[in-house]
Amino acid sequence: MLINSYREIVIKVTVENVSSLPHQYRLQIWYPPAGVGQSRVQKFDFGHVQHFLDNVNHRQVDQTDLIAFGRILAEWLFTKQERRRFEQARRVLSDYDGLRLRLALPPILVQIPWEYLYLPRGRGEDDATGFLALDPRISIVRHLSADDYQPTKDTVLHSRRMLFVQANPTDQANLNSKDEFAAVSNALKETNIEITQLQDGTVPNLNTSLTTGSEPLDIFHFSGHGAFKLTGPARSFESYQGQGQIVLENEANQSHPLGADELAVMLRGQGVQLAVLNACQTGSSDELNLWSGVVTALMRVDIPAAVAMQFRVGDRSAITFSRTFYEAVATGLPLEQAVSMARIALFTNGDSDFWRDWGAPVLYQQSGNSFVLPIIRDAVERQKLEDQLRAKMEKRLEALHPVAKWNNVYRLLSAILFIVSAGFVLEITQRFLAGSPDPLGITYLLGQAVVTLYGAKEALSKLGGDSLETIFDISRLSVTFRPLIRLIIAVVVLAVTLLSFSIFLPDLSRCYNNWGLFAQFGGIKDLDGDGVSDLGCRIFPWGKQLVQISAERRFERAIYLNPNNAVAHYNLAQYYETSFNYEAAQEHYQTSVKLGLSQAINASARLYLLEGEAEKALVLLNSLDNPNETVNPRIQCTQLRNYGWAYFLQGQYSSADSVLRQAQNIGNSGAGDPNEECPIFVLLTTYCLRAQALDEIDMDKPDTEMLIEEYRYCRDASEQLNTTIEYQSWFWQAQKRIEELRHSGGQ
């Protein structure tokens, strides 16, 4: 990731009392944009610090040691409240923002490697992700004083000059300065930087190189050895006074130490904007004199920015640092990000002996703003270099974070799943609001939508991401696994949404259907025979009182929630039939038929028969099982009645009489179970239809007494069910025919 701008947190530490042990210091922290933390006094014990520094220089530390030390530093700088403010500042960063941690320290604290600050963002196993300096969005910058004079920076685009000084005395360990120069030259080859290489780094040669250029010197780079010469004891236990040095050569190619103050005098007034001291201990100083270190001495002569090494580093580490640092500088990135990228490169370079060298570089900047060294560059070449640098950075981050290489995949999948879930929620919303809204529907909809849409917002917007990050921080979840956890949350939300479609919505649909039956009949009918017709209502037992809408609206709501609710379609059709809306009733009966509800076949066929369409009725009836093989007497009785009715309309009176007699036998036998008994209104129509069929069969020589008896059954039953025009019609037809038969028979 490439940072466009930095927000800054300033930590200013001043000496409060060093006359006794442990020393006391006053700390104050400034948070962006203008928040100031409360000033506090803090004690610090240097005994363990000196021991740690010795171990680092002798490469006797492992990652566990670094984490333990980094925790000590973080606990000293940040209280729990300040840590929360720091995490908040980190959370609000956009993908292209960085956080600069600027340390303004007294001399006695400069020698501490604050670059190992360890502040993990969650619980879990400790790993490298907790080191602030290894977070590509966080930069640790040192500052001599928050109130110091800030030198003028050269921000004008023009050609630049670099002096690359090499010194490799024969009495020191041999350095591969040649490869370092090649790495720097290759990194800057597409820029307008003129590089002057000084291979024989003697004092006279350095003076000559500094005074012979026609243009100011912009970048001073030293590749060689550094040292910190001890001059006597200091105040603290096992600490000393001393002076930083770079090691040049003499005429005999032997070591020639050049003190920090001497180098500062030589570079003063040369126009140097950036000094890079790729040499051991050039970032060190003693606890009494701030200017005793090489890098701090350069700050004293108003060089805007400098990079140095605070302890010994390996040769390979020095080359890796220079290459990565200058690649970033050439691209026009801020110096703090260039150093951050170089740290990550050091951590991931695969050198097991020098892996901890990523904490060696220290960056000093006199300005409170980001420092970019302007370089003229073709826009196409600049973009090409940025793309290459971004690709390298992504690979290094994959090595730093074990699951980082999958993070983009996790984020993409999370976004997709949340979008799919949101789509389902919109469908649910449409179903709930398709009819008139009610309190239950709104309550359920809000509960379902809040989680899903919140998740979608988290996946698609920074605000949502911040909210979820807050939850992660409170739970102290390791930052390494957060993208994976987001994916898991997305999967869970999608699963819940799908369950809403597969279980909850059908169950609520069943519930609304049953409430419709309560509104219409005051009870529930188990039409599908599964014995759990009121399962949905058990979840919301107060629903039938809460949902104050008509039976018709309840059936409609059941269908909106689950269009495949065959029973709801059937019940709504029956409601329409009682309202004499036969066209709407037939439509919903037909839907129930398509959804596989066998009762709907008989009901739909009955409407066809009422309209005199026997052929359509028979097509439907023939799709059912053979009535003689039907197990349920209720269905069998109704089916036989409809067959008899159809045969009657077709003039097949004997066939009609035969099947209607079978229906009557089933109805008169009694099944014992009300759900399996032949309905009274079905039995009624069998008597009425059979009476008419017998009347037609015996038209020439009617059996008057038998016909009157059949019509009397029809009339009496119709009188009891005098609830619809249909039954009234059966009654008057039977009454009229009885009178005719009596008149013709003399009764």
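Numbering of the sequence shown is given in the working numbering, commencing with residue 54 and proceeding in unit increments.
Even for Gly, the Cβ is constructed at its ideal location relative to N, Cα and C.
Per DSSP, the beta-bridge partners of proline 310 are Val300.
A Cβ-Cβ contact shorter than 8 Å links alanine 611 with alanine 621. If you look at glutamine 81, you'll find it in the beta strand (DSSP E) that goes 76-84. For the pair tyrosine 169 and phenylalanine 122, the CB atoms are nearer than the 8 Å cut-off. Taken in chain order, the complete beta strand (DSSP E) segments of 3 residues or longer contained in the stretch 326-369 are 327-331 and 358-362. By the neighbour-count definition (other C-beta atoms within 10 Å, threshold 16), tyrosine 149 is an exposed residue.
Here the stretch 361-378 does not lie against the stretch 306-319, with fewer than 3 beta-carbon pairs under 8 Å apart.
Across the set Ala371, Leu540 and Gln419, the C-alpha of Ala371 shows the shortest separation from the C-alpha of alanine 235.
Between aspartate 253 and the set Phe374, Gln781, Ser230 and Lys669, the nearest pair of CA atoms involves Ser230. The residue among Lys65, Trp167 and Gly151 with its C-alpha nearest the C-alpha of valine 102 is Trp167.
When rounded, the separation of the alpha-carbon atoms in alanine 226 and phenylalanine 374 is 19 Å. Collapsing the DSSP output to three states places histidine 104 in a helix.
DSSP places proline 166 outside both helix and strand once states are collapsed to three, so it counts as coil. Burial is judged here by how many other beta carbons sit within 10 angstroms of a residue's own beta carbon; phenylalanine 131 has at least 16 and is buried. Valine 66 sits close to leucine 158, with the two beta carbons spaced by under 8 Å.
Looking only at Leu263, Pro269, Gly295 and Val256, the smallest Cα-Cα distance to leucine 301 is reached by Val256. For alanine 157, the beta-bridge partners assigned by DSSP are Lys65 and His196. Residue state for alanine 413 is assigned as coil, using DSSP reduced to three classes.
Per DSSP, glutamine 134 is one residue of the alpha helix (DSSP H) stretching across 133-144. Among the bridge pairs identified by DSSP, tyrosine 149 is matched with none. Collapsing the DSSP output to three states places isoleucine 272 in a strand.
Under DSSP, the beta-bridge partners assigned to threonine 255 are Glu302.
Spatial neighbours of leucine 216 in its own chain (CB-CB distance under 6 Å, excluding positions within 5 residues in sequence) are listed in chain order as Thr249, Ser262, Leu270 and Phe273. If you draw a 10 Å sphere on the C-beta of glutamate 233, you find 16 or more other C-beta atoms in it, and that means buried. It is roughly 22 Å from the alpha-carbon of methionine 319 to the alpha-carbon of isoleucine 246. In the DSSP assignment, valine 71 falls outside any alpha helix (DSSP H) and carries neither an H nor an E.
Boundaries of the beta strand (DSSP E) harbouring glutamine 95: 93-97, taken from the DSSP string. DSSP assignment within the stretch 736-777 yields the following whole alpha helix (DSSP H) runs of 4 residues or more, N-terminal first: 757-773.
Counting every other CB atom within 10 Å of its CB across the protein chains shown gives glutamate 763 a total of 16 or more, marking it as buried. Residue burial annotation: proline 189 is buried, with at least 16 other C-beta atoms found within 10 angstroms of its C-beta.
Residue Gly385 holds the alpha-carbon nearest to the alpha-carbon of alanine 240 among Gly385, Glu268 and Phe105. The residue from Glu730, Asn685 and Leu747 with its alpha-carbon nearest to that of leucine 713 is Leu747. Arginine 694 is a Cβ neighbour of alanine 716, given a cutoff of 8 Å.
Valine 218: member of the beta strand (DSSP E) spanning 213-219, first to last residue. In this structure, glycine 569 keeps its C-beta atom at 8 Å or more from the C-beta atom of phenylalanine 633. The Cβ atoms of tyrosine 642 and tyrosine 613 lie no closer than 8 Å to each other.
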